[in-house]
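K.L.:
Have a look at the structure that comes next, please.
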Amino acid sequence: MSDDTIRLVTIGRILRRRRRLLTILVVVGALVGYGTSLLLPPRYTTSASVLLPGAWEERELLTQAQVATSSVVIDRAAAALGWTGVDGRELRERVSAKAADGNIIEISGTADTPERAQQLSDQVARQFVDFATRIVGDSTDPEAAARLEALRQTVVQTGRRITELSEAAGSGRTVESVQTRTELEGLRTALQESIEKLDQADPTADKANMVVMGPAARPAGEAPPTRTQLVVGGALLFFLVTVVGHLTAARMSRRLRTEPEIATALGSALLGTVDVPGGNAAHRPGGRGARAWFRRLLGVDVRWDVPAPRSSGDEAGRRIRYRRVVARLRDRLPAPRRLLVVVPDGDEIARRAAGELVSEAGSDPRLRMVEVAVSHPMVPDREGESGALVVLSAGSWTAGELAGIAEACADAGHEIVGIVLAGTVRTRATRSADRPRDAVVPALLGDEDVKGGAR
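Sequential numbering from 1 applies to the sequence shown in this note's numbering.
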């Protein structure tokens, strides 16, 4: 797995073989999200819009947005609201403002109820308009305003004088009187246009007329993250962490999977591979106690990082593999042929395969099976055996663990004469009608039969 590319089939294998663990952790994640939602009070958010008439530059709009959330505006809003235990410092964390298109400042307020959120947004908008209008009015140059007002008065007086001259010209029909009245009306029109231009030239005329575009809408739902979002987010987070954790553990796994690696770790040759009928149950390690029960409850007692068992041919084909291994042992061992079969403790596949080998060998060679704990390997002392045969499944043990078993065998005086790898296969649904699988008693074969089977 450490050298394989992560593929969808790997994800599918995790989902199939860890569905119980994934289900439990998803439920735990949902409960954690629900508990988090109880610690976080519900929040409601709404916005009030303020229109800024006139021509505004982008930096000016940004400045106004900062003014809307300034301490002066927020403190005035807090004083106007009069909420018990809520001051301007706390409100500043609940209010935000941004410049939108069309010279609009959107002021958003967040509170624990929809009513308070609406009141907060409206009050901050009003206080912002009042404060901004006062700033614009105070920033005007008094002398310039006075000169502008005097010019307006002069224009108004000139207009009145033109009216008097027009009336004094009478309603005569002479060419001179008509020209005089025409020129006077032209002057009146020019003066009116001048007055309009003077009004437009006033930089504070429009900017001082900020308008709150109606009350803020009452929020219909909670502001994110809502309780549902927290529950779903917690469940999804636990699911992803579990899947990523499995993939990371598989990528970092040091378990040996190939035959050359296992043979090198044990310092012996591979005698053959044998098959054990069964599916995921064959990968379930033995053991009792609270820890084993808890692992079975979570569904983590079954290996997920092993490929699906391949289909098996028939019972006769599987028996031939065992006979060939026994034949190779007879060729290797001197008489009397006695051998110690070493099986790593917890390797259920290897234990079943070793039992089949013992049954197949009968009394030639005479095999004695022992299970050795890989954490503290201890092999029985030699009692006339010609060596040790190690039976194990691929992908279950690291190089260090197998080296420990080899050292324990050497310490007890046993030479490892060979290695047998065991794997699982899927058996067919139908079996021969003469006798079931469990009733098969392997016969003790002679040398000629064994050699014929080995061929």
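We treat Cβ as the ideally placed atom computed from N, Cα and C, and that holds for glycine.
Note that the structure is predicted; figures quoted are calculated from it, not measured.
#1: Flag this pair as yes or no: are the beta carbons of R330 and R337 separated by less than 8 Å?
#2: What residue does the beta strand (DSSP E) around V343 start on, and which one ends it?
#3: Suppose you measure from the CA of T430 to the CA of A316; what does that come to, to the nearest Å?
#4: Under a three-way DSSP split, which group does G29 fall into?
#5: Using the C-alpha atoms, what's the distance from L237 back to G29?
#6: In chain order, what residues of the same chain lie with their CB nearer than 7 Å to the CB of A373, ignoring the 5 residues before and after it?
#7: Taking the alpha carbon of E348 as the point to measure from, which residue in L367, A361, T424, G387 has its own alpha carbon closest?
#8: How close, in whole Å, do the beta carbons of L340 and R368 come, if the pair is a contact with beta carbons under 8 Å?
#9: In the structure shown, what three-state DSSP assignment does R257 receive?
#10: Taking the alpha-carbon of E222 as reference, which of R328, S47, P114, M210 has the nearest alpha-carbon?
#11: Quick check on the burial criterion: 16 or more other C-beta atoms within 10 angstroms. Buried or exposed for V274?
#12: Below 8 Å on the Cβ atoms is my contact criterion, and I expect A399 with L256 to pass it. Report the Cβ-Cβ distance as a whole number of Å.
#13: If you draw a straight line from the C-alpha of G35 to the C-alpha of V26, how long is it?
#14: For A125, which residues in the same chain have their Cβ closer than 7 Å to its Cβ, ignoring the five residues on either side in sequence?
#15: Measuring straight from C-alpha to C-alpha, what distance separates R18 and G12?
#16: Give me the Cα-Cα distance between V60 and V129, rounded to the nearest whole angstrom.
#17: Please determine, among G233, A412, W293, L22, the residue with the shortest C-alpha to C-alpha distance to G384.
#18: Rounded to whole angstroms, how far is the Cβ of G418 from the Cβ of A269, which I believe are closer than 8 Å?
#19: Measuring only the C-alpha atoms, how far is A327 from R291?
#20: Expressed to the nearest angstrom, what Euclidean distance is found between the alpha-carbon atoms of L230 and L39?
#21: Kindly indicate which three-state DSSP category D275 falls into: helix, strand or coil?
#22: What span of residues does the beta strand (DSSP E) with T228 cover, start to end?
#23: Expressed to the nearest angstrom, what Euclidean distance is found between the alpha-carbon atoms of E360 and A353?
#24: Measuring straight from C-alpha to C-alpha, what distance separates Q66 and A99?
#25: Bridge partners for V212 per DSSP, in chain order?
#26: Exposed or buried, D314, counting other C-beta atoms within 10 Å across all chains shown (16 or more means buried)?
#27: Can you tell me the Cα-Cα spacing of G245 and L297, whole angstroms?
#28: Tell me where the alpha helix (DSSP H) around T110 begins and ends.
#29: Which parts of the stretch 375 to 435 are runs of the alpha helix (DSSP H), unbroken and 4 residues or longer, counting only runs that do not cross its ends?
#30: Can you tell me whether H376 is buried or exposed? The criterion is at least 16 other CB atoms within 10 Å of its CB, across all chains shown.
#31: Considering A316, what are the terminal residues of the alpha helix (DSSP H) in which it resides?
#32: Buried or exposed: which applies to W293, given that a residue is buried once 16 or more other Cβ atoms fall within 10 Å of its Cβ?
#33: Using the Cβ count rule (16 or more neighbours within 10 Å means buried), how would you classify Q127?
#34: Under a three-way DSSP split, which group does A269 fall into?
#35: Take the Cβ of A265 as the centre, count every other Cβ of all protein chains shown within 10 Å, and call the residue buried at 16 or more, exposed below.
#36: Is the beta carbon of T226 closer than 8 Å to that of A117?
P.N.:
Considering the structure as presented:
#1: The residue you call residue 330 lines up with position 330 of the sequence shown. The residue you call residue 337 lines up with position 337 of the sequence shown. Yes. Within cutoff.
#2: Start at 1 with the first residue of the sequence shown, and residue 343 comes out as number 343. V343 -> beta strand (DSSP E) spans 338 to 344.
#3: As a first step, residue 430 must be located in the sequence shown, where it is residue number 430. As a first step, residue 316 must be located in the sequence shown, where it is residue number 316. Any reading at T430 must be qualified, since the residue scores a pLDDT of 46, below 50, and its modelled position is unreliable; no value is offered.
#4: Indexing the sequence shown from 1 puts residue 29 at position 29. In the structure shown, G29 sits in a helix (DSSP, three-state: H, G or I).
#5: As a working note, residue 29 is residue 29 in the sequence shown. As a working note, residue 237 is residue 237 in the sequence shown. Straight-line Cα distance between these residues: approximately 7 Å.
#6: The count along the sequence shown starts at 1 and reaches residue 373 at position 373. Excluding positions up to five away in sequence, the list reads D345.
#7: Mapped onto the sequence shown, residue 348 falls at position 348. Answer by Cα proximity: T424.
#8: The residue you call residue 340 lines up with position 340 of the sequence shown. The residue you call residue 368 lines up with position 368 of the sequence shown. Right, the Cβ-Cβ distance comes to about 6 Å (below 8 Å), so this counts as a contact.
#9: The residue labelled residue 257 in the question sits at position 257 within the sequence shown. Reduced to three states, the DSSP call for R257 is coil.
#10: Position 222 of the sequence shown, counted from the start, is the residue given in the question as residue 222. The residue with the shortest Cα to Cα distance from E222 is P114.
#11: In the sequence shown, residue 274 corresponds to position 274, counting from 1. Burial call: buried.
#12: Counting from 1 along the sequence shown, the entry for residue 399 is found at position 399. Counting from 1 along the sequence shown, the entry for residue 256 is found at position 256. Sure, about 6 Å apart at Cβ, within 8 Å.
#13: Translated into positions along the sequence shown, residue 35 becomes position 35. Translated into positions along the sequence shown, residue 26 becomes position 26. Their Cα atoms are separated by approximately 14 Å.
#14: For the purposes of this step, residue 125 is taken as the residue at position 125 of the sequence shown. Result list for A125: A48, V50, I107, V212, in chain order.
#15: Along the sequence shown, read from residue 1 onward, the residue named residue 18 stands at position 18. Along the sequence shown, read from residue 1 onward, the residue named residue 12 stands at position 12. The alpha-carbon atoms of R18 and G12 are separated by roughly 10 Å.
#16: Locating residue 60 in the sequence shown gives position 60, where the first residue counts as 1. Locating residue 129 in the sequence shown gives position 129, where the first residue counts as 1. Note that residue 60 is Glu in the sequence shown, not Val. E60 and V129: Cα-Cα distance of roughly 15 Å.
#17: Sequence index remark: in the sequence shown, residue 384 carries index 384 (1-based). The shortest C-alpha separation from G384 is found at A412.
#18: Counting from one through the sequence shown, the residue named residue 418 turns up at place 418. Counting from one through the sequence shown, the residue named residue 269 turns up at place 269. With a contact defined as Cβ atoms closer than 8 Å, G418 and A269 qualify at about 6 Å.
#19: The residue you call residue 327 lines up with position 327 of the sequence shown. The residue you call residue 291 lines up with position 291 of the sequence shown. Rounded to whole angstroms, A327 to R291 spans 41 Å at the Cα level.
#20: In the sequence shown, counting from the first residue as 1, residue 230 sits at position 230. In the sequence shown, counting from the first residue as 1, residue 39 sits at position 39. Whole-angstrom Cα-Cα distance: 11 Å.
#21: In the sequence shown, residue 275 corresponds to position 275, counting from 1. Residue state, collapsed to three classes: strand.
#22: Residue 228 sits at position 228 when you count from the first residue of the sequence shown. First-last for T228: 227 to 251, but that is the alpha helix (DSSP H), not the beta strand (DSSP E).
#23: Start at 1 with the first residue of the sequence shown, and residue 360 comes out as number 360. Start at 1 with the first residue of the sequence shown, and residue 353 comes out as number 353. In this structure, the alpha-carbon of E360 lies about 10 Å from that of A353.
#24: As a working note, residue 66 is residue 66 in the sequence shown. As a working note, residue 99 is residue 99 in the sequence shown. Cα to Cα, the separation comes out at about 10 Å.
#25: Here residue 212 is taken as the residue at index 212 of the sequence shown, counted from 1. Partner(s): V50.
#26: The count along the sequence shown starts at 1 and reaches residue 314 at position 314. Burial call: exposed.
#27: For the purposes of this step, residue 245 is taken as the residue at position 245 of the sequence shown. For the purposes of this step, residue 297 is taken as the residue at position 297 of the sequence shown. So the two alpha carbons sit approximately 19 Å from each other.
#28: Indexing the sequence shown from 1 puts residue 110 at position 110. Premise fails: T110 lies in the beta strand (DSSP E), 104 to 111, not in any alpha helix (DSSP H).
#29: 399 to 411
#30: Counted from its first residue, the sequence shown places residue 376 at position 376. That one is exposed.
#31: As a working note, residue 316 is residue 316 in the sequence shown. Taken as a continuous stretch (DSSP letters only), the alpha helix (DSSP H) holding A316 covers 315 to 332.
#32: Mapped onto the sequence shown, residue 293 falls at position 293. W293 is exposed by the Cβ-count criterion.
#33: Numbered from its first residue, the sequence shown carries residue 127 at position 127. Counting Cβ neighbours within 10 Å, Q127 comes out buried, since at least 16 surround it.
#34: Position 269 of the sequence shown holds residue 269. A269: coil per DSSP, three-state reduction.
#35: Counting from 1 along the sequence shown, the entry for residue 265 is found at position 265. Classification for A265: buried.
#36: Residue mapping note: residue 117 aligns to position 117 of the sequence shown, counting from 1. Residue mapping note: residue 226 aligns to position 226 of the sequence shown, counting from 1. No, the pair does not count as a contact, with Cβ atoms beyond the cut-off.
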